[in-house]
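Counting in this note's numbering, the sequence shown runs from 50 upward without gaps.
Beta carbons: idealized from backbone N, C-alpha and C, even for Gly.
Only a predicted model underlies this, so the values are computations on that prediction, with no experimental measurement involved.
The structure under discussion appears below in the form of structure tokens.
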Amino acid sequence: MSPASRSAEAEAFDIDAALGACDLAEEAVHDTFVLVWRQAARFEPTRGGGRTWIYAILRNRSLNILRGETRTDLIEDYEPLGLASEEESAEGALVRLSDNSRLKSCLERLEPARRTAIVLAYVNGLTHGELAGRFNVPLGTMKSWMRRSLLALRECLA
50 MSPASRSAEA
60 EAFDIDAALG
70 ACDLAEEAVH
80 DTFVLVWRQA
90 ARFEPTRGGG
100 RTWIYAILRN
110 RSLNILRGET
120 RTDLIEDYEP
130 LGLASEEESA
140 EGALVRLSDN
150 SRLKSCLERL
160 EPARRTAIVL
170 AYVNGLTHGE
180 LAGRFNVPLG
190 TMKSWMRRSL
200 LALRECLA
């Protein structure tokens, strides 16, 4: 293994250890590369190297995750609802909920785009980054949609 590979592997392990979960570390790295891609024009070589800039973005992204961008699972298990199939469409998943389901009535109160985002995230397992790409909105906007939608669902189901 080359020294660069060992260094990258050690740094990846540090990120994973700091965030406490592999999926959060992957999300932080993914979000970082999306931000690097979108903000490449803002990079100023006179202020430092590209690697330093990328790691600063990654550090900030990781800190944001640690500060409270926690995931809230409203429903722990989808099997009882019959929603486990990843091929299922968001609308198909809604149809499969029983007509008198409180969850279905609460989901129907959400705006269509936000309802679809919630179902795609919790039924198909799409990440915030994947949803942002699919809906063509910034990552922060998608996270706000998800958070507000989950709060609305929690209030409706209470």
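Cβ of residue i within 9 Å of Cβ of residue j?
i	j	result
R164	L175	no
R151	L206	yes
I114	V85	no
Give every residue of the same chain whose Cβ lies closer than 6 Å to the Cβ of residue i, excluding the five residues on either side of it in the sequence, and list them in chain order.
i	result
E157	none
L107	T81
For residue i, which of helix, strand or coil comes out of DSSP?
i	result
P187	coil
L175	coil
A2	Limits of the chain in this structure are 50 at one end and 207 at the other, which puts residue 2 out of reach.
G98	coil
F82	helix
A77	helix
At what residues does the alpha helix (DSSP H) containing residue i begin and finish?
i	result
L156	R151 to R158
A166	P161 to V172
Ignore the nearest five residues each way along the sequence and tell me which others in residue i's own chain have a CB closer than 7 Å to its CB.
i	result
V83	G178 and L188
R197	none
Might you give, ordered along the chain, the residues of its own chain that have their beta carbon closer than 8 Å to the beta carbon of residue i, omitting 5 neighbours on each side?
i	result
G97	none
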